[in-house]
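Report on the following structure.
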(Lines of atoms letter the chains of each structure in order from A and count residues from 1; the text may use other names and numbers.)
(Lines give C-alpha, C1' and ligand atoms only; values in the text may rest on other atoms or scores of the structure.)
Protein backbone atom coordinates (compact mmCIF):
# COMPACT_ATOMS: atom_id res chain seq x y z
CA UNK A 1 0.00 0.00 0.00
CA UNK A 2 2.81 2.42 0.92
CA UNK A 3 4.52 1.73 -2.42
CA UNK A 4 1.32 2.60 -4.26
CA UNK A 5 1.04 5.86 -2.32
CA UNK A 6 4.63 6.82 -3.16
CA UNK A 7 4.02 6.00 -6.81
CA UNK A 8 0.84 8.07 -6.79
CA UNK A 9 2.66 11.02 -5.19
CA UNK A 10 5.45 10.84 -7.77
CA UNK A 11 2.94 10.73 -10.58
CA UNK A 12 1.09 13.72 -9.13
CA UNK A 13 4.35 15.65 -8.92
CA UNK A 14 5.21 14.80 -12.55
CA UNK A 15 1.72 15.89 -13.58
CA UNK A 16 2.12 19.18 -11.72
CA UNK A 17 5.44 19.81 -13.45
CA UNK A 18 3.94 18.97 -16.84
CA UNK A 19 1.02 21.29 -16.15
CA UNK A 20 3.35 24.16 -15.25
CA UNK A 21 5.38 23.64 -18.44
CA UNK A 22 2.18 23.52 -20.47
CA UNK A 23 0.95 26.78 -18.95
CA UNK A 24 4.27 28.45 -19.72
CA UNK A 25 4.05 27.21 -23.29
CA UNK A 26 0.52 28.57 -23.61
CA UNK A 27 1.79 32.10 -23.04
CA UNK A 28 3.75 31.72 -26.29
CA UNK A 29 0.85 30.44 -28.39
CA UNK A 30 -0.90 33.20 -30.32
CA UNK A 31 -4.22 33.09 -32.13
CA UNK A 32 -5.93 35.59 -34.41
CA UNK A 33 -9.55 36.61 -34.07
CA UNK A 34 -11.28 38.43 -36.88
CA UNK A 35 -14.48 40.33 -37.58
CA UNK A 36 -16.01 42.13 -40.51
CA UNK A 37 -14.60 39.67 -43.00
CA UNK A 38 -11.07 40.25 -41.72
CA UNK A 39 -11.27 44.04 -41.66
CA UNK A 40 -10.52 43.95 -37.92
CA UNK A 41 -8.14 41.37 -36.46
CA UNK A 42 -6.96 40.79 -32.92
CA UNK A 43 -3.88 38.76 -32.00
CA UNK A 44 -4.06 37.30 -28.51
CA UNK A 45 -1.90 34.82 -26.63
CA UNK A 46 -3.31 31.93 -24.63
CA UNK A 47 -2.68 33.89 -21.43
CA UNK A 48 -5.52 36.17 -22.63
CA UNK A 49 -3.24 39.11 -23.43
CA UNK A 50 -4.11 41.09 -26.55
CA UNK A 51 -0.86 41.50 -28.48
CA UNK A 52 -2.07 43.42 -31.52
CA UNK A 53 -5.19 44.98 -33.00
CA UNK A 54 -5.25 45.61 -36.75
CA UNK A 55 -7.92 47.75 -38.37
CA UNK A 56 -8.21 47.97 -42.14
CA UNK A 57 -7.63 51.58 -43.28
CA UNK A 58 -10.96 51.55 -45.12
CA UNK A 59 -12.74 51.56 -41.74
CA UNK A 60 -10.98 54.60 -40.32
CA UNK A 61 -13.33 57.55 -40.50
CA UNK A 62 -16.39 55.36 -40.94
CA UNK A 63 -19.05 54.84 -38.32
CA UNK A 64 -17.27 54.71 -34.95
CA UNK A 65 -19.94 52.48 -33.38
CA UNK A 66 -19.48 49.91 -36.12
CA UNK A 67 -15.71 49.94 -35.66
CA UNK A 68 -16.05 49.47 -31.90
CA UNK A 69 -18.46 46.56 -32.48
CA UNK A 70 -16.02 44.93 -34.91
CA UNK A 71 -13.13 45.25 -32.45
CA UNK A 72 -15.24 43.67 -29.71
CA UNK A 73 -16.29 40.86 -32.07
CA UNK A 74 -12.66 40.22 -33.07
CA UNK A 75 -11.59 40.07 -29.42
CA UNK A 76 -14.39 37.62 -28.66
CA UNK A 77 -13.39 35.51 -31.67
CA UNK A 78 -9.79 35.45 -30.43
CA UNK A 79 -10.96 34.45 -26.93
CA UNK A 80 -12.89 31.48 -28.32
CA UNK A 81 -9.80 30.40 -30.23
CA UNK A 82 -7.60 30.84 -27.14
CA UNK A 83 -9.90 28.57 -25.15
CA UNK A 84 -9.78 25.92 -27.86
CA UNK A 85 -6.00 26.14 -28.21
CA UNK A 86 -5.61 25.95 -24.44
CA UNK A 87 -7.80 22.86 -24.20
CA UNK A 88 -5.95 21.20 -27.08
CA UNK A 89 -2.53 21.99 -25.62
CA UNK A 90 -3.35 20.98 -22.05
CA UNK A 91 -5.06 17.79 -23.22
CA UNK A 92 -2.00 16.70 -25.16
CA UNK A 93 0.37 17.75 -22.38
CA UNK A 94 -1.51 15.85 -19.68
CA UNK A 95 -3.08 13.07 -21.71
CA UNK A 96 -0.56 10.45 -20.63
CA UNK A 97 -1.23 10.82 -16.92
CA UNK A 98 -3.59 8.35 -15.33
CA UNK A 99 -4.71 9.07 -11.80
CA UNK A 100 -7.34 6.96 -10.10
CA UNK A 101 -10.76 8.56 -10.34
CA UNK A 102 -9.67 11.14 -12.91
CA UNK A 103 -10.35 11.04 -16.62
CA UNK A 104 -7.76 13.12 -18.49
CA UNK A 105 -7.61 14.94 -20.81
CA UNK A 106 -10.37 17.20 -19.62
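In this note's numbering, the protein residues as written are 16 to 121. For glycine and all other residues, C-beta sits at the position ideal for the given N, C-alpha and C. All values derive from a computational prediction rather than experimental measurement.
query: Rounded straight-line distance, which links the Cα of residue 38 to that of residue 9; result: Since the first residue of the chain shown is 16 and the last is 121, residue 9 is not available in this structure.
query: Rounded C-alpha distance that separates residue 48 from residue 103; result: 17 Å
query: Buried or exposed by the 16-neighbour rule on C-beta atoms within 10 Å, applied to residue 17; result: exposed
query: Whole-angstrom distance between residue 30 and residue 21, CA atom to CA atom; result: 14 Å
query: Whole-angstrom distance between residue 97 and residue 11, CA atom to CA atom; result: What is shown of the chain runs 16 to 121, which leaves residue 11 out entirely.
query: Straight-line gap, residue 119 to residue 62 (C-alpha atoms, nearest Å); result: With a pLDDT of only 49 at residue 119, under the threshold of 50, the placement of this residue in the model should not be trusted, and no figure is reported.
query: Beta-carbon proximity of residue 89 to residue 57, cut-off 7 Å; result: yes
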